[in-house]
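Q:
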Amino acid sequence: MPASDEELMLAYAGGDAAAFEALYARHKGPLFRFVLRSMKNPAQAEELFQEVWMRAIEARARYRPEARFSTWLYTIAHNRLVDHWRAKGLSLVSLDDEERAVAEPVAPPGAEPHANLEASRTAEKLAAAIAALPLAQREAFLLHQEGELSVAEIAAATSTNEEAAKSRLRYAMSKLKEAIGDE
Amino acid sequence: MSENGDKLGAAYRALPREEPGAAIDAAILAASRRALARPSASRRWAAPVSIAAVLVLAFGVSLHMQEEKPGIESPDLYARTPAAPPPAAAEAPISAAQGIAPQKRAKVEVDAKAKVQKKIAPAPDTPPKPDAAPSVREEVRSLRDEAAPAAPLAQAAPAVERERKDLAKEMDLNRAAVPAPAQAPAAAALSSRRAADAMAPIDEATRELEAIAKLRAENRHEEADKALAEFRRKRPDYRIAEAMWERVKPR
Numbered sequence: 144m145p146a147s148d149e150e151l152m153l154a155y156a157g158g159d160a161a162a163f164e165a166l167y168a169r170h171k172g173p174l175f176r177f178v179l180r181s182m183k184n185p186a187q188a189e190e191l192f193q194e195v196w197m198r199a200i201e202a203r204a205r206y207r208p209e210a211r212f213s214t215w216l217y218t219i220a221h222n223r224l225v226d227h228w229r230a231k232g233l234s235l236v237s238l239d240d241e242e243r244a245v246a247e248p249v250a251p252p253g254a255e256p257h258a259n260l261e262a263s264r265t266a267e268k269l270a271a272a273i274a275a276l277p278l279a280q281r282e283a284f285l286l287h288q289e290g291e292l293s294v295a296e297i298a299a300a301t302s303t304n305e306e307a308a309k310s311r312l313r314y315a316m317s318k319l320k321e322a323i324g325d326e
Numbered sequence: 083m084s085e086n087g088d089k090l091g092a093a094y095r096a097l098p099r100e101e102p103g104a105a106i107d108a109a110i111l112a113a114s115r116r117a118l119a120r121p122s123a124s125r126r127w128a129a130p131v132s133i134a135a136v137l138v139l140a141f142g143v144s145l146h147m148q149e150e151k152p153g154i155e156s157p158d159l160y161a162r163t164p165a166a167p168p169p170a171a172a173e174a175p176i177s178a179a180q181g182i183a184p185q186k187r188a189k190v191e192v193d194a195k196a197k198v199q200k201k202i203a204p205a206p207d208t209p210p211k212p213d214a215a216p217s218v219r220e221e222v223r224s225l226r227d228e229a230a231p232a233a234p235l236a237q238a239a240p241a242v243e244r245e246r247k248d249l250a251k252e253m254d255l256n257r258a259a260v261p262a263p264a265q266a267p268a269a270a271a272l273s274s275r276r277a278a279d280a281m282a283p284i285d286e287a288t289r290e291l292e293a294i295a296k297l298r299a300e301n302r303h304e305e306a307d308k309a310l311a312e313f314r315r316k317r318p319d320y321r322i323a324e325a326m327w328e329r330v331k332p333r
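Respectively, the protein sequence lines represent chains A and B.
Following our numbering, the numbering of the first sequence begins with 144 at its first residue and continues without gaps.
Following our numbering, the numbering of the second sequence begins with 83 at its first residue and continues without gaps.
1) Looking at Thr265/A and Ala283/A, is the spacing between their C-beta atoms short of 9 Å?
2) To the nearest angstrom, how far is the alpha carbon of Ile110/B from that of Arg314/B?
3) Three or more beta-carbon pairs under 8 Å between the segment 293-303 of chain B and the segment 314-324 of chain B, yes or no?
4) Rounded to whole angstroms, what's the CA-CA distance from Ile133/B to Ala104/B? Just pull it up for me.
5) Indicate whether the contact test is met: 3 or more Cβ pairs, each with one atom in the segment 285-293 of chain A and one in the segment 162-177 of chain A, closer than 8 Å.
6) Do we get a CB-CB distance below 9 Å when we pair Ser114/B with the residues of chain A?
7) Taking just the CA atoms, how far does Lys331/B sit from Arg313/A?
8) Using 9 Å as the limit for Cβ to Cβ distance, is Asp148/A near chain B?
9) DSSP three-state call for Ile323/A: helix, strand or coil?
10) So, are the CB atoms of Arg317/B and Ala295/B less than 9 Å apart?
11) Give the C-beta separation of Asp325/A and Leu90/B to the nearest angstrom, bearing in mind that I take them to be a contact with Cβ-Cβ under 8 Å.
12) Within 10 angstroms of the Cβ of Phe212/A, are there 16 or more other Cβ atoms? Answer buried if so, exposed if not.
13) Can you tell me the Cα-Cα spacing of Leu118/B and Leu151/A, whole angstroms?
14) Got a sec: is the Cβ-Cβ distance from Glu290/B to anything in chain A below 9 Å?
15) Have a look at Arg281/A, Ile200/A, Ile297/A and flag the residue whose alpha-carbon is nearest the alpha-carbon of Arg120/B.
16) Under a Cβ-count criterion, where at least 16 other Cβ atoms within 10 Å of its own Cβ denotes burial, should Ser147/A be classed as buried or exposed?
17) With a cut-off of 8 Å on the beta carbons, I'd call Tyr127/A and Trp196/A a contact; round off their distance for me.
18) In the DSSP assignment, find the alpha helix (DSSP H) that holds Arg116/B and state where it starts and stops.
19) Should Lys331/B be flagged as near chain A, meaning a C-beta pair shorter than 9 Å?
20) Less than 9 Å between the beta carbons of Val178/A and Leu166/A, yes or no?
21) Note down, in chain order, every chain A residue with its Cβ under 9 Å from the Cβ of Glu101/B.
22) Need the endpoints of the alpha helix (DSSP H) that Asp226/A sits in, please.
23) Roughly how many whole angstroms lie between the Cα atoms of Ala298/A and Ala140/B?
24) Span of the alpha helix (DSSP H) holding Thr303/A?
25) For Ala322/A, tell me which candidate among Ala202/A, Ala295/A, Ala272/A, Asn304/A has the shortest Cα-Cα distance.
26) Using a C-beta cutoff of 9 Å, does Tyr314/A count as contacting chain B?
27) Where does Ala289/B land, buried or exposed, given buried means 16+ other C-beta within 10 angstroms?
28) Measuring only the C-alpha atoms, how far is Arg198/A from Leu260/A?
29) According to the Cβ coordinates, are Ser181/A and Leu233/A closer than 9 Å?
30) Leu118/B touches chain A at which residues, Cβ-Cβ below 7 Å?
31) Applying the criterion that 16 or more other CB atoms from any shown protein chain within 10 Å of the CB defines a buried residue, is Gln187/A buried or exposed?
32) Which residue comes first and which comes last in the alpha helix (DSSP H) that contains Met144/A?
33) Check for me: the alpha helix (DSSP H) holding Ile200/A runs from which residue to which?
34) Could you give the C-beta distance for Ala160/A and Ser144/B, rounded to a whole number, given that I count them as a contact under 8 Å?
Here it is as C-alpha cells:
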C-alpha cells in the first residue's frame with residue numbers, strides 16, 4: 144500500500160529525500176494548474192509555484208499531520224497568492240468583488256484541439272468562465288477541483304469560515320455551469 | 083455527486099492538463115535534497131541553545147547553592163558514625179540519580195549533606211525531642227549506608243532518598259524553565275521546539291510582525307523587507323490579517 148502524503152512528508156522531514164520526490168510527483172500537476180489558473184502571467188505563476196514548494200521544504204520541520212498534507216500545501220499556496228494580490232493593490236475584501244474579477248483577468252487555459260467540436264467549444268467556454276470568476280470564487284473552485292479539498296478544507300486553507308467557503312464554491316459552480324449550458 | 087456536478091467536473095477535467103517544465107522540476111527536487119544536506123533552522127540552533135541552557139542552569143544552580151547554608155560535615159556527626167562516609171562513594175547514588183555534571187557533584191553533595199545535617203543536629207537551644215532518637219538513628223544508619231561503595235540507588239536510606247527527591251524536584255523546576263542540558267543536541271532541540279510550540283506561536287508571530295511594523299514606521303524599509311521575507315519563509319502558512327498587513331506591507 145503506497146504511503147500517505149502525511150507519511151511521506153514526515154519521512155522527508157526525517158531526512159528521506161525520496162519521500163519528497165514521491166510527494167512532489169503526486170502534487171506538482173494539480174498545484175501547478177491551481178497557481179497557473181489563479182494568476183495572469185504564466186511566468187509569474189511558475190515563479191510562485193516554485194516559491195510554494197521552497198516554503199514547504201523550508202517548513203518541513205514544522206509540519207504537523209493534524210490536517211491533510213494537501214490542505215497544508217494549498218494553505219501555503221493561498222498565502223503566497225494573497226501576497227501577490229496584495230502587491231497588486233488588491234485587498235482580501237476585494238477578492239469576492241465581481242468588478243475586480245474583470246479588472247484582473249487571468250489567461251484562460253489553452254484549449255487543446257478536441258476531436259469533438261462540441262467538446263472543444265465547451266472547453267473554451269469553461270476556460271473563459273473560470274478566468275472571469277472573482278478571485279475568491281475561482282480559488283475555491285480550483286481548490287476543490289485541483290486540490291480535491293472539501294469545503295471545510297477550503298475554509299481552513301483560505302482562513303475563512305465554512306459558510307463563506309461553501310458560498311464561494313456554490314456561486315462559482317453555478318456560474319460555470321451556466322457558461323457551459325449546464326443549468 | 084449530482085449529475086450537474088459530474089458534467090462540470092468532466093468538462094473541467096477535459097481542459098489541458100498543464101504540468102511544470104522539467105527545469106522547474108529539477109530545481110525544486112535539487113532544492114529538496116540540498117535542504118537535507120543543510121541542517122534545518124532548529125538543528126542549526128540546537129547547539130547554541132543547548133550551550134546557553136547549560137550556562138543558565140549552572141548559573142541558577144550556583145545561585146541556589148549560595149542561598150543554602152553551608153553544609154560542611156560537623157565533628158558531631160562523625161562522632162556518632164563509626165566511619166566517615168568517603169566522598170567518592172557517597173557521590174555515586176546521588177549524582178547518578180541527578181545526572182549532574184561531574185563538576186557540580188561536589189556542590190550538590192554538600193547541599194544534600196547539609197540538609198541531612200539539619201535534620202540530624204538539633205538546634206543548640208532546643209533539647210532533642212523524645213521521638214527524635216529513632217529518626218536520628220535512622221539518619222545515622224543512612225549515612226553509614228552511604229559509606230558503602232557503589233550503593234545501588236534502590237538501597238539509598240530514606241533520608242538521603244528524600245533529599246535526592248527534593249533536589250530532583252528543584253532540578254526539574256529549573257529544567258522546566260530551560261531545556262535540559264544533559265540531553266543530546268537533537269533531543270534538546272526537540273524539547274526546545276515543544277516548549278516553543280506550547281508557548282503561543284501566534285503571540286510570537288504577532289511580536290515579529292509588530293517589529294516589522296515598527297521598522298516601517300521608522301522608514302527602515304530595507305530591513306523591514308528582509309524581515310518580512312524571513313517571516314514568510316519561516317511561516318509560509320501564517321495568514322497575516324488585513325490590518326497588520328497594512329502596517330508591514332512593502333512600500
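Glycine is no exception: its CB is placed at the ideal position from the N, C-alpha and C atoms.
The structure presented is a predicted model; accordingly, all values stated were derived computationally and were not measured.
A: Working from what's here:
1) no
2) 18 Å
3) no
4) 45 Å
5) yes
6) yes
7) 32 Å
8) no
9) coil
10) no
11) 6 Å
12) buried
13) 14 Å
14) no
15) Ile200/A
16) exposed
17) The question about residue 127/A has no answer here: the residues shown for chain A are numbered 144 through 326.
18) 104-119
19) yes
20) no
21) Lys171, Gly172, Phe175, Arg176
22) 212-230
23) 48 Å
24) From DSSP, Thr303/A is part of no alpha helix (DSSP H); its letter is neither H nor E.
25) Ala272/A
26) no
27) Per the sequence shown, residue 289/B should be read as Arg rather than Ala. Label assigned to Arg289/B: exposed.
28) 42 Å
29) no
30) Gly158, Ala160
31) exposed
32) Here Met144/A belongs to no alpha helix (DSSP H), and DSSP marks it neither H nor E.
33) 185-201
34) Rounded, the Cβ-Cβ distance is 46 Å, inconsistent with contact.
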